[in-house]
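Novice:
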Amino acid sequence: MDDGMIDLMTGDAILRRRLLTYAELRLSPDVATSARIRARVLAVAHRRAELARADAALTVVRDAAPTVRVVAERHRTIRRRAATALLVASLGVAAAAGTTFAAKAGGPLYQARLWAETITLPSEPSRRAVAELERLQQRLAEASQAISDGDLGAAAAALTAYASIVDSASEEAIASGDDVASAILTTGVGHNIEILSGLVSKVPDAATDAISRALARAIDRSDAAIEHIGQGGGNGGTPPTSQPAGGPYAKPTKAPQQPGGGPTSEPTRKPSTGPGSGQGGGGATGGAPDATQHPERPDKSPKPTPDPGQD
Amino acid sequence: MTLDDAAIDRLVKEARDGDAWAFGLLFDHYHLPVYRYIASRVHRPSDAEDLTQLVFVKALEALPRYEARGIPFGGWLFRLARNTVIDHVRTRHEHADLDAARGQIGREAGPDEVTVARQELDEVAEALAELTDDQREALALRFFAGLSAREAAAVMGRQEGTIRGLQFRAIATLRRRLGIELTGTADDDIADERRRRSS
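Residue numbers (the numbering used here), protein chains in the order written: chain A, 11 to 321; chain B, -18 to 180.
And the structure:
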């Protein structure tokens, strides 16, 4: 980035101009792309920063040095503990298997499981958005599995839970006023719409009505959440100026209107495979603030409140 | 966004201490050249997006272990970018280097391209495709990413003179392929370049 490049194209203004034009038009990201990358990277940065602070707050308490014991007694104790642990583990596995079965989508403990998930949600907005996205993706996975298995009750339960979560998550993101959280949720839910649209074509003919309605409802709610964040929720941020109203992800795909019908439009972009997406795959788009604009730092840094108990 | 070396060092230190805001400023400073470098080396814009993100996340993770040791942060970051592209090519079993520029050919024209003859851009892409891997990489680092010859040499693990040689031959090939004859004097171009950079 220094004057060393001055000599790069010396004596060839035309070639230099053509390469510059090529770089600007063919090799440069558009505003939405830059914003998406920035939001994902910064979501990871905030998460790491918070984890680091939480780790620093932990106090390690060392056990007192063990006293000298008779070797035989120690061996007996170890054997007793091993047997007890084995027994407890066996009982635990049996109980867990039963609980897991009952907590499956549509099972008697499913609602309790959904509620339990909310207890462990982080309080910091961007991390919470990532966690909510993970919950949404779990619901999609459950719905997809249930549809494959022909378990329509489970699919409907998972899709209903999805719609409920997307509603609450968008409200939380807007209420938090956190730019990154809004961006994460907008992009993640936009991607979910593509998945939901894909699920429509997998619904068995025998059960199109109920499940397709549930799918259409989930897609509508996702659309509404994105628009909601884009309009009100902008959290004071400004959408990318080069984007149409509503932002690039305001309507990623059309919701299927006919039960059993396939997706009506191409996915808007390839799902991200980067590490950021593994943690929720958020991005700054749509009504989310323009992540390429960087106002003065309000108070040194928008550091979220440490929340050691959440991770 | 313009940052001098001292500001970059300070931001690197703050980011290493866990300051996400500082890392955001580093991202703002470097993301365009990094993206351009990657976009010049892979087929699809979606890959360039994902890999750019991956480079910065890797940088975030490796930052606690980063020590200047004569390598400026920019050089270190581009080394990460280069390794990431190489890994990507290996993983995908693609010959991205050979086809990188061709991948840009025939792409859907954006609105900005309306005013520019698309054919000209395609010609440049085709000409770039005729360069050797090393020539194209040297050109991408020097011109698309804006690194100095010394920085490009550090990124590619070559001598500075080697980079200049690669660059010289790359330009000669492009000039011949595009049918461009030398115009203006070296002094004119240096002045022109300085005007462009100062503006």
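Note that beta-carbon positions come from the ideal geometry of N, C-alpha and C, so glycine has one too.
Quick check: what's the CA-CA separation for A:ASP159 versus A:ASP219?
Specialist: Mapped onto the first sequence, residue 159 of chain A falls at position 149. Mapped onto the first sequence, residue 219 of chain A falls at position 209. So the alpha carbons of these two residues sit roughly 17 Å apart.
Novice: Hey, does A:HIS56 have any beta-carbon neighbour from chain B nearer than 8 Å?
Specialist: For the purposes of this step, residue 56 of chain A is taken as the residue at position 46 of the first sequence. With 8 Å as the cut-off, A:HIS56 counts as an interface residue toward chain B.
Novice: What do you get for A:ILE184, buried or exposed, if any count of 16 or more other CB atoms within 10 angstroms of its CB means buried?
Specialist: In the first sequence, counting from the first residue as 1, residue 184 of chain A sits at position 174. Buried, since its Cβ has 16 or more Cβ neighbours within 10 Å.
Novice: Which stretch, first to last residue, makes up the alpha helix (DSSP H) that contains A:LYS114?
Specialist: Along the first sequence, one-based indexing puts residue 114 of chain A at 104. That residue, A:LYS114, is in no alpha helix (DSSP H); it is neither H nor E in DSSP.
Novice: Which bits of chain B does A:ILE184 rub up against, with CB to CB less than 9 Å?
Specialist: Numbered from its first residue, the first sequence carries residue 184 of chain A at position 174. Going along chain B, no residue has its Cβ under 9 Å from A:ILE184, so there is no contact; the nearest lies around 22 Å.
Novice: Between the beta-carbon of B:ALA126 and the beta-carbon of B:ALA151, is there less than 8 Å?
Specialist: Translated into the one-based positions of the second sequence, residue 126 of chain B becomes position 145. Translated into the one-based positions of the second sequence, residue 151 of chain B becomes position 170. No, Cβ-Cβ distance for B:ALA126 and B:ALA151 is not below 8 Å.
Novice: Please name the residue or residues paired with A:ASP40 in a DSSP beta bridge.
Specialist: Stepping through the first sequence from its first residue, residue 40 of chain A is reached at position 30. According to DSSP, A:ASP40 bridges with nothing at all.
Novice: Let me check understanding here. Comparing Cα to Cα, which of B:ASP(-15), B:ARG139 and B:GLU(-5) lies closest to B:ALA45?
Specialist: Residue mapping note: residue 45 of chain B aligns to position 64 of the second sequence, counting from 1. Here residue 45 of chain B turns out to be Pro, not Ala, going by the sequence shown. Considering only alpha carbons, the answer is B:GLU(-5).
Novice: Kindly indicate which three-state DSSP category A:ASP22 falls into: helix, strand or coil?
Specialist: As a position in the first sequence, residue 22 of chain A is number 12, starting the count at 1. The answer is strand: DSSP assigns A:ASP22 an E or B state.
Novice: At what residue ranges does the stretch 103 to 154 of chain B contain a whole run of the alpha helix (DSSP H), taking only runs of 4 or more?
Specialist: 114 to 120 and 130 to 137
Novice: Using beta carbons (cut-off 8 Å, strictly below), is A:ASP65 in contact with chain B?
Specialist: Start at 1 with the first residue of the first sequence, and residue 65 of chain A comes out as number 55. Contact with chain B is absent for A:ASP65, since none of that chain's Cβ atoms lies less than 8 Å from the residue's Cβ.
Novice: Do the stretch 18 to 38 of chain A and the stretch 103 to 115 of chain B meet, that is, are 3 or more Cβ pairs less than 8 Å apart?
Specialist: Touching, per the Cβ criterion.
Novice: Measuring straight from C-alpha to C-alpha, what distance separates A:PRO118 and A:ARG145?
Specialist: As a working mapping, residue 118 of chain A is identified with position 108 in the first sequence. As a working mapping, residue 145 of chain A is identified with position 135 in the first sequence. Near 19 Å, if we compare the C-alpha coordinates of A:ARG145 and A:PRO118.
Novice: Apply the 10 Å Cβ neighbour rule to A:HIS85 and answer buried if 16 or more other Cβ atoms are within range, or exposed otherwise.
Specialist: By 1-based counting over the first sequence, the position of residue 85 of chain A is 75. The residue in question, A:HIS85, is exposed, as its Cβ has fewer than 16 Cβ neighbours within 10 Å.
Novice: For A:ALA164 versus A:LYS114, is the C-beta spacing smaller than 8 Å?
Specialist: By one-based count along the first sequence, residue 164 of chain A stands at place 154. By one-based count along the first sequence, residue 114 of chain A stands at place 104. Going by C-beta atoms, A:ALA164 is nearer than 8 Å to A:LYS114.
Novice: From the DSSP output, in three-state form, read off A:ILE229 for me.
Specialist: Along the first sequence, read from residue 1 onward, the residue named residue 229 of chain A stands at position 219. Helix, per DSSP.
Novice: Measure the alpha-carbon distance for B:ALA3 versus A:ARG46 and round it to whole angstroms.
Specialist: Looking up residue 3 of chain B in the second sequence gives position 22. Looking up residue 46 of chain A in the first sequence gives position 36. Roughly 18 Å between the two C-alpha positions.
Novice: Can you give me the C-alpha to C-alpha distance between B:LEU6 and A:VAL213, rounded to a whole angstrom?
Specialist: Residue mapping note: residue 6 of chain B aligns to position 25 of the second sequence, counting from 1. Residue mapping note: residue 213 of chain A aligns to position 203 of the first sequence, counting from 1. For B:LEU6 and A:VAL213, the distance between alpha carbons rounds to 47 Å.
Novice: Measure how close the beta-carbons of A:ALA59 and B:ASP0 come, nearest whole angstrom, since I'm counting them as under 8 Å.
Specialist: If you number the first sequence from 1, residue 59 of chain A lands on position 49. If you number the second sequence from 1, residue 0 of chain B lands on position 19. Right, the Cβ-Cβ distance comes to about 7 Å (below 8 Å), so this counts as a contact.
Novice: In chain B, which residues lie with their C-beta within 8 Å of the C-beta of A:ALA62?
Specialist: Residue numbering aside, residue 62 of chain A sits at position 52 when the first sequence is read from its first letter. Simply GLY(-1).
Novice: In three-state DSSP terms, what is A:ARG223?
Specialist: Taking the first sequence and counting its residues from 1, one reaches residue 223 of chain A at position 213. Helix, per DSSP.
Novice: On the DSSP letters alone, give me the boundaries of the alpha helix (DSSP H) that A:SER196 sits inside.
Specialist: Position 186 of the first sequence, counting from 1, holds the residue named residue 196 of chain A. A small fix is needed here, since residue 196 of chain A is Thr in this sequence, not Ser. Note, A:THR196: alpha helix (DSSP H), 189 to 210.
Novice: Would you mind sorting A:VAL98 into buried or exposed? The rule is 16 or more other CB atoms within 10 Å of its CB.
Specialist: What you label residue 98 of chain A is simply residue 88 of the first sequence in a count that begins at 1. Exposed: under 16 other Cβ atoms inside 10 Å.
Novice: Would you kindly work out how many angstroms separate the C-alpha atoms of B:ARG156 and B:GLU48, rounded to a whole number?
Specialist: Position 175 of the second sequence, counted from the start, is the residue given in the question as residue 156 of chain B. Position 67 of the second sequence, counted from the start, is the residue given in the question as residue 48 of chain B. Distance between the alpha carbons of B:ARG156 and B:GLU48 is about 40 Å.
Novice: Using 8 Å for Cβ pairs, my map puts A:VAL140 next to B:VAL38. What's the rounded Cβ distance?
Specialist: By 1-based counting over the first sequence, the position of residue 140 of chain A is 130. By 1-based counting over the second sequence, the position of residue 38 of chain B is 57. Going by Cβ atoms, the distance from A:VAL140 to B:VAL38 rounds to 14 Å, so no, they are not a contact pair.
Novice: Measuring only between beta-carbons, confirm whether A:LEU52 sits less than 8 Å from chain B.
Specialist: As a first step, residue 52 of chain A must be located in the first sequence, where it is residue number 42. Yes, its Cβ sits closer than 8 Å to a Cβ of chain B.
Novice: On the three-state DSSP scale, how would you describe B:LEU61?
Specialist: Residue 61 of chain B sits at position 80 when you count from the first residue of the second sequence. Residue state, collapsed to three classes: helix.
Novice: Would you say B:THR154 faces chain A, with C-beta separation under 8 Å as the test?
Specialist: Indexing the second sequence from 1 puts residue 154 of chain B at position 173. Not a single CB atom of chain A sits nearer than 8 Å to the CB of B:THR154.
Novice: Quick one: is A:TYR172 near chain B, going by C-beta distance under 8 Å?
Specialist: Within the first sequence, the letter at position 162 stands for residue 172 of chain A. By this cut-off, A:TYR172 is not an interface position.
Novice: Would you say A:ASP65 and A:PRO135 are within 8 Å of each other, going by their C-beta atoms?
Specialist: The sequence position of residue 65 of chain A within the first sequence is 55, counting from 1. The sequence position of residue 135 of chain A within the first sequence is 125, counting from 1. No, the Cβ-Cβ distance between A:ASP65 and A:PRO135 is not below 8 Å.
Novice: Under 8 Å between the Cβ atoms of A:SER195 and A:LEU143?
Specialist: Start at 1 with the first residue of the first sequence, and residue 195 of chain A comes out as number 185. Start at 1 with the first residue of the first sequence, and residue 143 of chain A comes out as number 133. Residue identity check: residue 195 of chain A is Leu in the sequence provided, not Ser. Here A:LEU195 is near A:LEU143, since their CB atoms are less than 8 Å apart.
Novice: A:LEU124 and A:ALA171 - do their beta-carbons sit closer together than 8 Å?
Specialist: Counted from its first residue, the first sequence places residue 171 of chain A at position 161. Counted from its first residue, the first sequence places residue 124 of chain A at position 114. Going by C-beta atoms, A:ALA171 is nearer than 8 Å to A:LEU124.
Novice: What is the DSSP secondary structure of B:ILE161, reduced to helix, strand or coil?
Specialist: The sequence position of residue 161 of chain B within the second sequence is 180, counting from 1. Here B:ILE161 sits in coil by DSSP.
Novice: Contact check, B:VAL15 vs B:ALA62 under 8 Å by CB: the rounded distance?
Specialist: For the purposes of this step, residue 15 of chain B is taken as residue 34 along the second sequence, with counting starting at 1. For the purposes of this step, residue 62 of chain B is taken as residue 81 along the second sequence, with counting starting at 1. The Cβ separation is near 5 Å, so the contact holds.
Novice: Could you give the DSSP three-state label for A:THR130: helix, strand or coil?
Specialist: On the first sequence, position 120 is the one that residue 130 of chain A refers to. Residue state, collapsed to three classes: coil.
Novice: Check B:HIS199 in the structure and name its three-state DSSP category.
Specialist: Residue 199 of chain B cannot be examined here, being either before or after the span of chain B that is shown, -18 to 180.
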